[in-house]
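*Asks:* Take our numbering: the last position of the sequence shown gets the number 682, and nothing is skipped along the way. Yeah, the Cβ is synthetic: ideal placement off N, Cα and C, and Gly gets one too. Keep in mind it's a predicted model, so treat the numbers as computed, not measured.
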Amino acid sequence: MAAADTAADEIRGTARGTAPVPLSVLDLVTVGAGSTAGDALRTSAALARLAEARGYHRYWVAEHHSMPGVASSSPAVILAHLAAHTDRIRLGSGGVMLPNHAPLVIAEQFGTLEAMAPGRIDLGLGRAPGTDGATAAALRRTDRLNEGADDFPQQLAELVRFLDDDFPDGHPYRRIHAVPGPVQGTSPGGVQSPHRPPVWLLGSSGFSARLAGLLGLPFAFAHHFSAQNTLPALDLYREAFRPSEVLDAPYALIGVSALAADDEKEARRQVLAAALNMVRLRSGRPGLVPTPEEAEAYPFTPMEREFVDSWNANVVHGTPDEVRAGLDELQKRTGADELMLTANAHSGEVRLRSYELIADSYGLPAPA
Numbered sequence: 315m316a317a318a319d320t321a322a323d324e325i326r327g328t329a330r331g332t333a334p335v336p337l338s339v340l341d342l343v344t345v346g347a348g349s350t351a352g353d354a355l356r357t358s359a360a361l362a363r364l365a366e367a368r369g370y371h372r373y374w375v376a377e378h379h380s381m382p383g384v385a386s387s388s389p390a391v392i393l394a395h396l397a398a399h400t401d402r403i404r405l406g407s408g409g410v411m412l413p414n415h416a417p418l419v420i421a422e423q424f425g426t427l428e429a430m431a432p433g434r435i436d437l438g439l440g441r442a443p444g445t446d447g448a449t450a451a452a453l454r455r456t457d458r459l460n461e462g463a464d465d466f467p468q469q470l471a472e473l474v475r476f477l478d479d480d481f482p483d484g485h486p487y488r489r490i491h492a493v494p495g496p497v498q499g500t501s502p503g504g505v506q507s508p509h510r511p512p513v514w515l516l517g518s519s520g521f522s523a524r525l526a527g528l529l530g531l532p533f534a535f536a537h538h539f540s541a542q543n544t545l546p547a548l549d550l551y552r553e554a555f556r557p558s559e560v561l562d563a564p565y566a567l568i569g570v571s572a573l574a575a576d577d578e579k580e581a582r583r584q585v586l587a588a589a590l591n592m593v594r595l596r597s598g599r600p601g602l603v604p605t606p607e608e609a610e611a612y613p614f615t616p617m618e619r620e621f622v623d624s625w626n627a628n629v630v631h632g633t634p635d636e637v638r639a640g641l642d643e644l645q646k647r648t649g650a651d652e653l654m655l656t657a658n659a660h661s662g663e664v665r666l667r668s669y670e671l672i673a674d675s676y677g678l679p680a681p682a
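(1) Please list the segments of the alpha helix (DSSP H) lying wholly inside the stretch 524 to 589, counting only runs of 4 or more residues, in order along the chain.
(2) Classify residue 638: buried if its beta carbon has 16 or more other beta carbons within 10 angstroms, exposed otherwise.
(3) Is it true that the stretch 375 to 386 meets the stretch 620 to 636, where meeting means three or more beta-carbon pairs spaced less than 8 Å apart?
(4) Do you know whose CA, among 578, 589 and 587, lies nearest residue 671's CA?
(5) On the three-state DSSP scale, how would you describe residue 474?
(6) Only counting the same chain, and skipping five residues up and downstream in sequence, which positions put a Cβ closer than 6 Å to that of residue 433?
(7) Have a look at the DSSP bridge pairing and note the partners of residue 407.
(8) Below 8 Å CB to CB, which residues in the same chain sit around residue 310 once its five sequence neighbours on both sides are set aside?
(9) What does the Cβ neighbour count give for residue 366, buried or exposed, with the cut at 16 atoms within 10 Å?
(10) Can you tell me which of the three DSSP states residue 388 falls into?
(11) Suppose the cutoff is 6 Å on Cβ atoms and the five residues either side in sequence are ignored; what does the same chain contact list for residue 692 look like?
(12) Could you check what DSSP says for residue 491 in three-state terms: helix, strand or coil?
(13) Going by C-alpha distance, which of 656, 615 and 611 is nearest residue 628?
(14) If residue 384 sits next to residue 339, beta carbons under 8 Å apart, how far is it from one beta carbon to the other, in whole angstroms?
(15) For residue 338, name the three-state secondary structure that DSSP assigns.
(16) Terminal residues of the continuous beta strand (DSSP E) containing residue 632?
(17) Determine the direct distance from the alpha carbon of residue 481 to that of residue 598, and round the result to whole angstroms.
(18) State the DSSP-derived secondary structure class of residue 664, mapped to helix, strand or coil.
(19) Could you give the distance in angstroms between the alpha-carbon of residue 675 and the alpha-carbon of residue 634?
(20) Can you grab the Cα-Cα spacing for the pair residue 356 / residue 441, in whole Å?
(21) Rounded to whole angstroms, what is the Cα-Cα separation between residue 468 and residue 500?
(22) In whole angstroms, what separates the C-alpha of residue 421 from that of residue 673?
(23) Taking just the CA atoms, how far does residue 476 sit from residue 423?
(24) Which stretch, first to last residue, makes up the beta strand (DSSP E) that contains residue 364?
(25) How many Å lie between residue 667 and residue 486 at the Cα?
(26) Does DSSP put residue 602 in a helix, a strand or coil?
(27) On the three-state DSSP scale, how would you describe residue 449?
(28) Let me confirm a value: residue 645 is counted as buried when at least 16 other C-beta atoms fall within 10 Å, else exposed. Which label applies?
(29) Can you tell which of 663, 606, 588 and 529 has its C-alpha closest to the C-alpha of residue 630?
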């Protein structure tokens, strides 16, 4: 099999059951009021096992910082934990925020993950900080915050060079190698895995969409918090796409907020709590995800209520049949090649139940 075919096979998924496209999971490792980060991480391990058993294609975690209700500041650490709890499902970052890190460090971390779980690791990259400006400055040890985003194409090129170990002669990094990595296969007596993590570009606007297209890379769009930009970004990606050694045709997934419950009223209660969490985050008061009871008692201002209504309009929620219909409509409208579902709720049990119900509604494989 050609290298390009191998790379494409590691990117494209297979639809299971009656789902129109592959279904995957985006985990924000949310921490509910009354719970600990340890509780959230145990839920993530249980959810990864559930996703693998039910035929979800991949499982990604996202990088966020300085948010009490989101325990995913270290994607590589969490992915190592999840690799130890799973056997087959693809694991990846959705994503690592490249401007926050030296490219060599990312190449080393994901080379290590690839060594732990060969052929199962995705490297999704974003150009946003994944936090507020002050926290970004603390992460980068600089107040030149625009520099990282503006230099994203150059940082990306450097990271790919480290992953492939192919800096040209004369380059100052020619003798620097990301380990684990290809250099081990070229050392005397060395044997190296033929896999290296496929690189995905993530975005919530047009910049990364165009860049992913021009480079022939797979693209993941954050529909779950930038729904108004979904169709323009996907159009831009497809129009800009140039075949590459990675892909001969565009491949785009979209992140979708989706929550199924046994009845519609319960689903509405759960998404109201998640929306209140977003109200607080957007108003500079980030905290733990509140309970549905707290959300029901909260005195929303007219402006906050308008935000909640707008936010929840883009959350596919309700009974399993309603969620399935909503996901089918969204996939048809966007032409997405894959749907990556994120279920934001106060309770880990509610999140696990949602993914079970969605799997059932599509007839995904029953757990062994």
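*Replies:* Looking at the atomic coordinates:
(1) 544 to 554
(2) buried
(3) Using a C-beta cut-off of 8 Å, the stretch 375 to 386 makes no contact with the stretch 620 to 636, since fewer than three inter-stretch Cβ pairs fall below that distance.
(4) 578
(5) Under the three-state reduction of DSSP output, residue 474 falls in the helix class.
(6) 509
(7) 375 and 437
(8) For the chain, the structure presents residues 315 to 682; residue 310 sits outside this window and is missing.
(9) Around the C-beta of residue 366, 16 or more other C-beta atoms lie within 10 Å, and the residue is accordingly described as buried.
(10) coil
(11) Nothing can be reported for residue 692: it is not among the residues displayed for the chain, which extend from 315 to 682.
(12) coil
(13) 656
(14) Contact between residue 384 and residue 339 does not hold, since the beta-carbon distance rounds to 16 Å and is not under 8 Å.
(15) The three-state secondary structure of residue 338, taken from DSSP, is strand.
(16) 630 to 632
(17) 43 Å
(18) helix
(19) Rounded to whole angstroms, residue 675 to residue 634 spans 6 Å at the Cα level.
(20) 29 Å
(21) CA-CA distance, residue 468 to residue 500, rounds to 26 Å.
(22) 34 Å
(23) 12 Å
(24) Segment 351 to 368 is the alpha helix (DSSP H) holding residue 364; no beta strand (DSSP E) there.
(25) 52 Å
(26) DSSP places residue 602 in the coil class of the three-state scheme, outside both helix and strand.
(27) helix
(28) buried
(29) 588
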